[in-house]
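See structure below.
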Amino acid sequence: MKVDEIEKKLTQIEQEKSQILIEDKENKQKISDLEVEIQEQYKSFISSQKEYQDIDQALIKKNNLEEQMSELKQVYSIITTSWQQGESKLLQSEFAQKIFKFIQEKTKREIKNKYLIYSSAESGLNRKTFWDSVDKKCNLLMIFKSTSQYIFGGFSPCQWIQSSRQYQADESLSSFLFSQTQDQIYPLLSSNFSSAIMNDDSYISFGYQDIKISYDFQNGSSLLGGTYQCNQYKINNYQNHLFGQATPNIKECEILMITFKNK
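Residue numbering for the sequence shown follows UniProt numbering, beginning at 1 and increasing consecutively.
This is the structure:
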């Protein structure tokens, strides 16, 4: 092979090598560009996925709220129900103010309104009218008068639910019992906050056994001091202390629903 042919061949090889290097560089750049594009597409995908998740969560929340509102309308008949503001006829004015002040101190909230949602004098003293008035409601002040003329009762922020058959906890410790006859208030013991009230088909119950009134409003019992504190007072007969006798023998009952101003 001639020298000039060899040189020509070498030149051709060098050109091919340069072309390969150029193409390799271009390919590397293309690969790099593709990697960047893939990263951008992935970020866009993640962002879109999050948006879809947010939309799904918003739709779920919306559906839940609609279901809750529907239930509330059924339970409380929001559109047609109008509660009348009222005061208790069983509580004396001075003792009533003492009770309301104690409620505000325990809840750390200012009372806005008091609604008389149940009066046995108007609605009758029976299980149906009682539960029709209190079911699903909270912040209720229940006032009872026995045939011995003893006036007593209790307040709890807990919700009264007819069908739950379980204790309701009051972590705020704002539940309490009272006796107007004895001029005494019995706060919820912190050790027994989990049993402030008992939703029961057979009895109206505060605490374990502190107040237990059957739905004939005659039978029941009281062992004051089990869940609500009473050792700050000298009590001779714990079973008769609230009722004036061993059994409730309720003559009258009133229930006030308390509402509070926004904090």
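Don't be surprised by glycine CBs; every beta carbon is placed ideally from N, CA and C.
Nothing here was measured: the structure is a model prediction, and the numbers come from that model.
Quick one: Cα of residue i to Cα of residue j, how far?
| i | j | result |
| --- | --- | --- |
| isoleucine 250 | glycine 124 | 12 Å |
| lysine 136 | glutamate 37 | 58 Å |
| phenylalanine 217 | asparagine 126 | 7 Å |
| asparagine 199 | alanine 58 | 34 Å |
| phenylalanine 144 | glycine 244 | 12 Å |
| lysine 128 | glutamine 85 | 22 Å |
| lysine 234 | leucine 65 | 51 Å |
| lysine 30 | glutamine 39 | 14 Å |
| valine 75 | aspartate 170 | Unreliable placement is indicated for valine 75, whose pLDDT of 48 sits below 50; no coordinate value is reported for it. |
| methionine 257 | asparagine 240 | 27 Å |
| glutamate 110 | methionine 142 | 19 Å |
| phenylalanine 152 | lysine 263 | 30 Å |
| residue 275 | tyrosine 238 | With the chain covering 1 to 263 only, the question about residue 275 has no answer from this structure. |
| lysine 43 | glutamate 35 | 12 Å |
| leucine 116 | glutamate 122 | 11 Å |
| valine 134 | glutamine 41 | 58 Å |
| glutamine 49 | isoleucine 197 | 47 Å |
| glutamate 252 | serine 148 | 11 Å |
| arginine 165 | lysine 112 | 31 Å |
| cysteine 230 | glutamine 53 | 54 Å |
For residue i, which residues does DSSP report across the bridge?
| i | result |
| --- | --- |
| proline 187 | Phe176 |
| serine 205 | Met198 and Lys212 |
| glutamate 252 | Lys145 |
| serine 119 | Glu254 |
| serine 32 | According to DSSP, which records beta bridges pairwise, serine 32 is partnered with nothing at all. |
| tryptophan 131 | Answer is none; tryptophan 131 lacks a bridge partner. |
| asparagine 113 | Thr259 |
| lysine 137 | Trp160 |
Are the CB atoms of residue i and residue j nearer to each other than 9 Å?
| i | j | result |
| --- | --- | --- |
| leucine 188 | serine 205 | no |
| tyrosine 118 | leucine 242 | no |
| threonine 95 | aspartate 210 | The question names threonine, but residue 95 in the sequence shown is phenylalanine. Cβ distance not < 9 Å, so phenylalanine 95 and aspartate 210 don't count as in contact. |
| tyrosine 167 | serine 195 | yes |
| asparagine 139 | phenylalanine 260 | yes |
| glycine 220 | threonine 247 | yes |
| serine 163 | lysine 106 | no |
| residue 301 | tyrosine 208 | Because the chain is modelled from 1 through 263, residue 301 falls outside the range shown and cannot be assessed. |
Applying the 10 Å Cβ sphere with the 16-neighbour rule, what's the burial state of residue i?
| i | result |
| --- | --- |
| lysine 61 | exposed |
| isoleucine 46 | exposed |
| serine 146 | buried |
| residue 265 | In this structure the chain extends from 1 to 263, so residue 265 is not present and cannot be described. |
| glycine 154 | buried |
| lysine 108 | exposed |
| tyrosine 228 | buried |
| tyrosine 186 | buried |
| glutamate 51 | exposed |
| glutamate 254 | buried |
| residue 274 | Absent from the model: residue 274. The displayed extent of the chain is 1 to 263, so no value can be given. |
| serine 120 | buried |
| lysine 28 | exposed |
| lysine 114 | buried |
Are the C-beta of residue i and some C-beta of chain C separated by less than 9 Å?
| i | result |
| --- | --- |
| isoleucine 258 | Absent from the structure: chain C. Only one protein chain is present. |
Comparing the CB of residue i with every heavy atom of the ligand GDP, is any distance shorter than 8 Å?
| i | result |
| --- | --- |
| asparagine 237 | As presented, the structure is devoid of all ligands, the ligand GDP included, so that no description of it is given. |
Given 8 Å, three or more beta-carbon pairs between the segment 158-170 and the segment 81-96: no
The segment 219-229 in contact with the segment 177-195 per 3-pair CB rule at 8 Å: Counting Cβ pairs under 8 Å, three or more are found: they touch.
Contact the segment 190-205 vs the segment 95-103: 3+ CB pairs below 8 Å: no
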